[in-house]
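Chemist: Order-wise, the sequence lines are chains A, B and C. Residues in the first sequence are numbered from 1 upward in steps of one, following UniProt numbering. Residues in the second sequence are numbered from 1 upward in steps of one, following UniProt numbering. Residues in the third sequence are numbered from 1 upward in steps of one, following UniProt numbering. Every residue, glycine too, gets a C-beta built ideally from N, C-alpha and C.
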Amino acid sequence: MNKNSSNIMALAPNTSNKRETVCIFGTGDFGRALGHKMIQSGYPIVFGSRSTQKSSLIPNDAEVLSHAEAAQKAAIIIIAIQRQHYNFLTPLAEILHGKVLVDISNNLKINQYPESNAEYLAQLVPGAKVVKAFNTVSAWALQSGTLDASRQVFVCGDDMEAKQMVMDIVRALGLTPLDQGSLLAAQEIENYPLQLFPMWKLPILLSLGLTAFFFFYCLTRDIIYPYVYENEDFSFFIAISIPNRICPVLALILLALVYLPGVLAAIIQLYRGTKYRRFPDWLDKWMLCRKQLGLVALAFASLHVLYTLVIPIRSFVRWRISSSTVSQALNNKTEPLNNTYAWLSDSYLALGILGFFLFVLLGITSLPSVSNNVNWREFRFVQSKLGYLTLVLCTAHTLVYGGNRFLNPSSYRWYLPNAYMLSLIVPCIVLVVKFVLVFPCLDKPLTRIRQGWERNPKYSE
Amino acid sequence: MNKNSSNIMALAPNTSNKRETVCIFGTGDFGRALGHKMIQSGYPIVFGSRSTQKSSLIPNDAEVLSHAEAAQKAAIIIIAIQRQHYNFLTPLAEILHGKVLVDISNNLKINQYPESNAEYLAQLVPGAKVVKAFNTVSAWALQSGTLDASRQVFVCGDDMEAKQMVMDIVRALGLTPLDQGSLLAAQEIENYPLQLFPMWKLPILLSLGLTAFFFFYCLTRDIIYPYVYENEDFSFFIAISIPNRICPVLALILLALVYLPGVLAAIIQLYRGTKYRRFPDWLDKWMLCRKQLGLVALAFASLHVLYTLVIPIRSFVRWRISSSTVSQALNNKTEPLNNTYAWLSDSYLALGILGFFLFVLLGITSLPSVSNNVNWREFRFVQSKLGYLTLVLCTAHTLVYGGNRFLNPSSYRWYLPNAYMLSLIVPCIVLVVKFVLVFPCLDKPLTRIRQGWERNPKYSE
Amino acid sequence: MNKNSSNIMALAPNTSNKRETVCIFGTGDFGRALGHKMIQSGYPIVFGSRSTQKSSLIPNDAEVLSHAEAAQKAAIIIIAIQRQHYNFLTPLAEILHGKVLVDISNNLKINQYPESNAEYLAQLVPGAKVVKAFNTVSAWALQSGTLDASRQVFVCGDDMEAKQMVMDIVRALGLTPLDQGSLLAAQEIENYPLQLFPMWKLPILLSLGLTAFFFFYCLTRDIIYPYVYENEDFSFFIAISIPNRICPVLALILLALVYLPGVLAAIIQLYRGTKYRRFPDWLDKWMLCRKQLGLVALAFASLHVLYTLVIPIRSFVRWRISSSTVSQALNNKTEPLNNTYAWLSDSYLALGILGFFLFVLLGITSLPSVSNNVNWREFRFVQSKLGYLTLVLCTAHTLVYGGNRFLNPSSYRWYLPNAYMLSLIVPCIVLVVKFVLVFPCLDKPLTRIRQGWERNPKYSE
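Right under this line is the structure:
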């Protein structure tokens, strides 16, 4: 629906049953955009401004008055002014007494001031009911009506009734209010729009570190070693061959790291004999970013698939195959089909395909709109059962790929094993421990602990 | 937004305008988690417990009283106790008279008891207004704040006002209440969290059955036959070659089965001359799981694509190409380009690519968040017009792949036709019938019937 | 959750605290479906009909009365009748005075009547409060409970209280009401279900035009030219080779067109020295369909990937490689590895893979449920920073693919350059201008203008 034109039409409604007037202090971009949107939703708007001269940018239906006059006309006043100018409100304290002040301000840096803007406002005008809201919405999104980014509006405040009034306005504008509790939450709400994927920081830093390590590792083994010993220049391996070694290695390690904290938690619970003690902080943090870890792993797995499928188009591979065929023809001999090789090659490809397929399925179910439509049991089934199956398939894929090369001394250059051998360490540990935990002698007490049973009840006090 | 830290901050708000006190019977995991969450949202909480000694696990801001005392402090009482202990409520019946009792219990099995827990509770405490809610939310999700699974809370109850009060609490906790009607719906709501993809059962069982059938079919034709007659061991075909025969066959059959019920419904309506009689039950069920059928078909199609793209990397395929090239070189002859083959090969690949592309598009539009943003006409356009185009392209892909092999006797081993020939039966029937139904002599009466016209109005009475 | 069976169970609730009675005029498909759904949600329903004889199709719990009698029983009357029969309401005007009339009608064509049906209804019954709603929901979706298509119900009306009552009903049915303002918006709401992807029109028409142009361009260069000069029949190139030239060209051009309007807007703002003047209309329209342009580009890029990965399976390619190998063997010479070629081939493939990977990432973040979960800064980071990186990678992919062929006269057939050369024009312009705009001497004033600073403040009046 082209919201723009509808909005223009719906302006100036001759409504017989008007909504309550709302006052907006400040005629800047956001104040105007919000005013415009609220007029469309049927709210009479009064702007409070230093200069009451009406600019062409202000919606026609809105009045512009002095701050004091405007404030008297409404029960709700939206403060669309920057924090450094808040002190002009002090003289208005009497008029603002008992009014709902909506703080919509944002800062330029995380934790820029010791207290949040909303709390600062509450200190300046002690008689008013301050509510924090709207700071996560952009003026541009309000104006264009294309709310591609979030429709969520975080709301907090100490006065329940005031908060309810603001949440009603939010809902009337077609946005989704989310109650975040008392005004103490304002700092967090103000920091929110300044955050850049905070939950993704750890997984991305970790994968960058591992990528760098494995890049230099493979560089040494696959380019420097042949250059030193065989004087061959394989520098073009940097483009595809080496990324295609790094990606599967990282995908497998990160996928295993998704399931490692669950296994550690089980061991801790078994050891402590209770579930009522908090896990160490690092484990809590780790458990909360498992989804992000898994999605980064999926990204590496997808790149691995693309790099692999592109192999037969590479000019180097074509040259290698063609020259081996030519030399066969010149030597006048045809090699028979090696059945073992055929089995190994086909089965590691098949395992990889199935593993990747399940991995993509896991990724799809982690989309918010999909996970919202499954119940808790289904979500656990997919993320736990199918997740472990994916890990098993991907580990098996790597093991079969290695095949009989593990014990072959030629795969150790400068005593460095192949990168994929290193990648097997974490997943194998996870799978072995998980396998052990499935035995009844461990699974039974663990289930009882998770249902609330305690071995040494002293812990719970 | 890191909800955790905000929650911790927002605890103990010095709110000037408090919400109504809520009482929770039971201090188990879920009771505590719910209490904690409600305190964060500004509700004063009183726990009712047998032992009023306060454990360290109970939120600091909550009181713990005896059941009777706690119940008197609140209008809403959440029963966080297992069904088998409900009878302790009987002596409290007088205190609970007129109160809203929220049943949040779950069972261990589907239809475990003859009546739902909520109805049992209503029988035990006849004077109370019982509302079923919260049973679909997990304690862990409430505590960690990471509601990855559903935010939907099904609510039902006979008293509208009581239901409204509970739905307001649900909304205040940031969850989405869904009114399911009267308390009769409680059984269904209690079964919901125990279900495991009920809509997917039929499509998955069907595809498992077909997979098993075609696996043994292909095993016979492609592995046992050459072993018996030519003594060649192609057992490694099990890894890739045979799955890559089964997947496209299943994808095509299941896709056709998505469109078959629509065609059958049209025939039934034409025959009956009215749309006002219910379809047979099996057809209704079939129509309701069309989306799931289509998504399973898409899964098989995706696997087919991966298995196909991997072909040139297979060691068997490399060996076959290389040995045919070597034998050409040794025989000193070069084959000219066969233009017909080039046409056939390129066009079946192109048809497959386009069909798969449209299929993925259909899959994307069936994501809840995408289908929520299109209107009914757009949804029908994509699912019907584009869907049929996909079916036509995929059927053509299979037909062209077969090419001139259909009449070739060598493709019948033990009188068994190739698997892809069998897969063409259902889609061809669907397309032919659909093509016939498009003719005006049938399309016109059908359209009129669907608009409400009846040939023999007696049916509608 | 199988809503059907729950609905059947929840029918006829013996609720102690009933909702308000709602009257439905008309017993057609939609009226019955809506009545059925509302009974399930606890609303007592009265049907108003010409014939008060009760058909078997009408829900058992509903009464059927004459229009006048039915209207008197309820405050809200849903008009489930076609517009052309509205005039029967005129004699009922007195009874309908002060009632809420809900217009749910749809038209057959966009802008079929000069005024919307809802406004026409308001003229016919001036004393009633007309609210437009429910026209975007289908009867079938209401009945089957499978609301796969949109759950959004657009609501508009001049009376706030009436609108609120209707929105409460919408919410009670499990649907999402969206307030669209006054009754003036009814025309737009009535047109909405008749629209077919209006935002996609421009991108799709544009890409169809470009596809046609490049198809004939490539046909000339790649099929007609060799046929005329070398008498070779490459007509089978139409299936894969030519699409695989068109797709990347279109993907690159369309992706560049996503970022061109932003660059143009910056130039206009710099030139005007203010951001307070509206952009020309064509630029506004262009900016609003950037997301759709990008998704069409992604579709072409995906097709390009599939067409490319399929190359080694093509029978033509296998023949070409095999005959070149055979001729090498017959001439008794092996070509050495050309390191430059290996570098070029590997790096253009690697650039393409990375570009496509980022492109898919952009596509995923544009899914409504994903973009709803990121804040504004994160959304901008992905769509702008990652978007430009994608454009740089894809342009570099094309440049490296061209390699040293740009100056090679043999790539100009009939003076026509290769298609990919043409595709580089727009992206190179965008990237060069963007690069210039990043310089501080231009970036600084632009940032100030975007923060509200004006070079010549006269414009803003």
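Strictly under 7 Å for the Cβ-Cβ distance: is P193 (chain B) near chain C by that measure?
Modeler: Taking Cβ atoms only, chain C never reaches closer than 7 Å to P193 (chain B), which makes this a no.
Chemist: Please classify L355 (chain C) as buried or exposed, where buried requires at least 16 neighbouring CB atoms within 10 angstroms.
Modeler: With the sequence shown as reference, residue 355 (chain C) is identified as Gly, and Leu is not the correct amino acid for it. Buried is the call here.
Chemist: Quick check on the DSSP output: the alpha helix (DSSP H) that includes C441 (chain A) runs from which residue to which?
Modeler: Where C441 (chain A) is concerned, the enclosing alpha helix (DSSP H) stretches over P440 to R450.
Chemist: Below 7 Å on C-beta distance, what does D233 (chain C) contact in chain B?
Modeler: Within 7 Å Cβ-Cβ: N339.
Chemist: Assuming R32 (chain C) and L57 (chain C) form a contact by the criterion Cβ under 8 Å, report the distance between their Cβ atoms to the nearest whole angstrom.
Modeler: Correct: roughly 6 Å between the Cβ atoms.
Chemist: Mind checking which residues open and close the beta strand (DSSP E) that includes F47 (chain C)?
Modeler: Residues I45 to G48.
Chemist: Would you list the residues sitting across from D346 (chain B) in a DSSP beta bridge?
Modeler: Per DSSP, none; premise fails for D346 (chain B).
Chemist: With 7 Å set as the bound, which would you pick, yes or no: does the beta-carbon of L34 (chain B) sit closer than that to a beta-carbon of chain E?
Modeler: Within the model displayed, chain E is absent; protein chains A, B and C are what it includes.
Chemist: If the criterion is Cβ atoms closer than 7 Å, does the pair V100 (chain A) and A62 (chain A) meet it?
Modeler: Not a contact, by the Cβ cut-off of 7 Å.
Chemist: Out of B:Q123, B:L362 and B:R450, point me to the one whose CA is closest to L298 (chain B)'s CA.
Modeler: Closest option to L298 (chain B), Cα to Cα, is B:L362.
Chemist: Nearest chain B C-beta to T334 (chain A) closer than 7 Å, yes or no?
Modeler: Closer than 7 Å: yes.
Chemist: How many Å lie between I321 (chain A) and F381 (chain C) at the Cα?
Modeler: Their backbone Cα atoms lie some 44 Å apart in a straight line.
Chemist: Listed from N- to C-terminal order along the chain, which residues in the stretch 202-216 of chain A have their beta-carbon within a distance smaller than 9 Å of any beta-carbon of chain C?
Modeler: Going along the stretch 202-216 of chain A in chain order, one finds no residue with a Cβ nearer than 9 Å to chain C.
Chemist: Identify which residue in B:R50, B:Q72, B:E69 and B:Y43 has its Cα closest to the Cα of P59 (chain B).
Modeler: For P59 (chain B), the nearest C-alpha among the options comes from B:Y43.
Chemist: Would you kindly check if the distance between the Cβ of N244 (chain B) and the Cβ of Y307 (chain B) is under 7 Å?
Modeler: Yes, the Cβ-Cβ distance between Y307 (chain B) and N244 (chain B) is below 7 Å.
Chemist: Sorted by chain position, which residues of the same chain lie with C-beta nearer than 6 Å to R151 (chain A)'s C-beta, five sequence neighbours on each side aside?
Modeler: Excluding residues within five positions, the ones whose Cβ falls inside 6 Å are L175 and T176.
Chemist: Using a C-beta to C-beta distance shorter than 9 Å, which residues of chain B count as neighbours of I353 (chain A)?
Modeler: Correct list: I240, P243, L303, L306, Y307 and V310.
Chemist: T211 (chain A): which of A:C247, A:I238 and A:T220 sits nearest, CA to CA?
Modeler: That would be A:C247, whose Cα lies nearest to the Cα of T211 (chain A).
Chemist: Give the interface partners of F236 (chain C) over in chain B, defined as CB-CB distance under 8 Å, in chain order.
Modeler: Near F236 (chain C) (Cβ distances below 8 Å), the residues of chain B are N339, A342, W343, D346 and S347.
Chemist: Quickly, what does DSSP pair E63 (chain A) with across the bridge? List them, please.
Modeler: According to DSSP, which records beta bridges pairwise, E63 (chain A) is partnered with A:V46.
Chemist: Find the nearest neighbour of E335 (chain C) within the set A:R221, A:S241, A:S327 and A:V400, judged by alpha-carbon distance.
Modeler: Cα-wise, what sits closest to E335 (chain C) is A:S327.
Chemist: Please list, in chain order, the chain B residues whose beta carbon lies closer than 8 Å to that of Q40 (chain C).
Modeler: Under the 8 Å cutoff, chain B gives G181.
Chemist: Which runs of the alpha helix (DSSP H), 4 residues or longer, sit entirely within the stretch 116-142 of chain C?
Modeler: Runs found: 117-124.
Chemist: Report yes or no: is there a C-beta of chain A within less than 7 Å of the C-beta of I45 (chain B)?
Modeler: No, I45 (chain B) lies away from the interface with chain A (no Cβ there is under 7 Å from its Cβ).
Chemist: Check the Cβ-Cβ distances between R83 (chain B) and every residue of chain A, and say whether any is below 7 Å.
Modeler: Not an interface residue.
Chemist: Does D155 (chain C) pass the burial test, meaning 16 or more other C-beta atoms within 10 Å, or should it be called exposed?
Modeler: Here residue 155 (chain C) is Val; the residue named in the question, Asp, does not match the sequence. When all chains shown are included, V155 (chain C) counts as buried.
Chemist: Between B:W376, B:P445 and B:S241, which lies nearest to V317 (chain B) when the distance is taken from Cα to Cα?
Modeler: Ranking B:W376, B:P445 and B:S241 by Cα distance to V317 (chain B) puts B:S241 first.
Chemist: Determine the closest residue to R221 (chain C) out of C:C441, C:Y415 and C:D443, with distance taken between C-alpha atoms.
Modeler: Ranking the options by Cα distance to R221 (chain C), first place goes to C:Y415.
Chemist: On the DSSP letters alone, give me the boundaries of the beta strand (DSSP E) that F25 (chain A) sits inside.
Modeler: From DSSP, the beta strand (DSSP E) with F25 (chain A) extends over V22 to F25.
Chemist: Under DSSP, the beta strand (DSSP E) around I77 (chain A) begins and ends at which residues?
Modeler: Run containing I77 (chain A): I76 to I79, per the beta strand (DSSP E) assignment.
Chemist: Would you say S369 (chain A) lies against chain B (beta-carbon separation less than 7 Å)?
Modeler: Yes, because at least one Cβ of chain B sits closer than 7 Å to the Cβ of S369 (chain A).
Chemist: Enumerate in chain order the residues of its own chain whose CB-to-CB distance from V258 (chain B) is below 6 Å, with the five nearest sequence positions on each side excluded.
Modeler: Closer than 6 Å at Cβ, skipping near neighbours: R290, L293 and G294.
Chemist: Buried or exposed for T136 (chain A), please, with buried defined as at least 16 other CB atoms from any protein chain shown within 10 angstroms of its CB.
Modeler: Buried, since its Cβ has 16 or more Cβ neighbours within 10 Å.
Chemist: Are three or more beta carbon pairs between the stretch 391-401 of chain A and the stretch 341-354 of chain A nearer than 8 Å?
Modeler: Output reads yes: the stretch 341-354 of chain A touches the stretch 391-401 of chain A.
Chemist: Mapping DSSP to helix, strand and coil, what is P261 (chain B)?
Modeler: Note: P261 (chain B) maps to helix in three-state DSSP.
Chemist: Could you check whether the Cβ of Q328 (chain C) sits closer than 7 Å to any Cβ belonging to chain A?
Modeler: Yes, Q328 (chain C) lies at the interface with chain A (some Cβ there is under 7 Å from its Cβ).
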